[in-house]
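In the working numbering, the protein residues as written are 6 to 162. Have a look at the structure below before the remarks.
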Amino acid sequence: MRLHLSSNDYKKNYNLFAFRSNIEDYRLAYFLNKYSNFLFRRMVEDLHCVINGKNIYFSTFEDNDLDYEKSCYLICNKSLYNENFSAENSLFSSGLFVNTAFLIPELSKFDYLLKLIGVWKTHEIKDISKNLNMITQINSETHIDLNTLKSINNLIF
6 MRLHLSSNDY KKNYNLFAFR SNIEDYRLAY FLNKYSNFLF RRMVEDLHCV
56 INGKNIYFST FEDNDLDYEK SCYLICNKSL YNENFSAENS LFSSGLFVNT
106 AFLIPELSKF DYLLKLIGVW KTHEIKDISK NLNMITQINS ETHIDLNTLK
156 SINNLIF
């Protein structure tokens with residue numbers, strides 16, 4: 006018997022924030038820990054996706070609150086990867102080029118994603134949004150409507 010799953014089979018019990026910041030991921034995790042009630046730690050294994058036949062890894066930090074059954078993930082939305090290039094009829098010789106891949110291509114203008122899993126009260130979501138806006142290293146943030154994302158499967162891990 007064959008079982009088919011679709012993205013509708015997964016209950017979307019999480020919130021998603023997207024924001025821009027030009028600082029390194031570990032520094033951003035530090036500032037979120039300092040100015041919010043998060044305790045982000047780098048995950049042992051980064052988030053892995055296969056995009057256009059390439060293995061791409063996105064840095065990921067996690068904060069688990071086991072008492073309240075809540076989890077938070079700080080995920081880098083873009084990843085740089087090396088790609089070999091060789092072409093006989095090209096101006097450039099063969100070599101190594103750096104390309105950019107996005108975890109959620111529809112949100113390519115955002116550098117980071119904050120995924121909140123579990124039951125969050127409305128005032129907690131508002132407090133997180135307020136705290137994100139207070140951090141000067143974050144340029145802009147927005148709460149994302151999950152129904153508008155085409156590549157939402159990349160967030161299932």
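Just so you know, even glycine gets a beta-carbon here, dropped at the ideal spot from N, CA and C.
{"Item": "Quick one: what's Thr147 bridged to in DSSP?", "Value": "Ala23"}
{"Item": "Does Lys16 come out as helix, strand or coil in the three-state DSSP assignment?", "Value": "A caution first: Lys16 carries a pLDDT of 45, below 50, which makes its placement in the model unreliable, though a value can still be read off. Three-state DSSP puts Lys16 in coil, outside helix and strand."}
{"Item": "Since I believe Ser156 is in contact with Ile80 (beta carbons under 8 angstroms), could you give me their beta-carbon distance rounded to a whole number of angstroms?", "Value": "Not quite, the Cβ-Cβ distance comes to about 13 angstroms (not below 8 angstroms), so this is no contact."}
{"Item": "What would DSSP say about Leu10, mapped onto helix, strand or coil?", "Value": "Model confidence at Leu10 stands at a pLDDT of 49, short of 50, so the residue's coordinates are unreliable and nothing is read from them."}
{"Item": "CA-CA distance, Leu121 and Ser76?", "Value": "6 angstroms"}
{"Item": "Compare the Cα-Cα distances from Glu74 to each of Val124, Tyr31 and Val49 and report the closest residue.", "Value": "Val124"}
{"Item": "Can Leu52 and Tyr62 be called in contact, C-beta distance under 8 angstroms?", "Value": "yes"}
{"Item": "Looking at Leu112: is its Cβ nearer than 8 angstroms to the Cβ of Ala34?", "Value": "no"}
{"Item": "Per DSSP, which one or two residues make a beta bridge with Phe162?", "Value": "DSSP output for Phe162 lists no bridge partner at all."}
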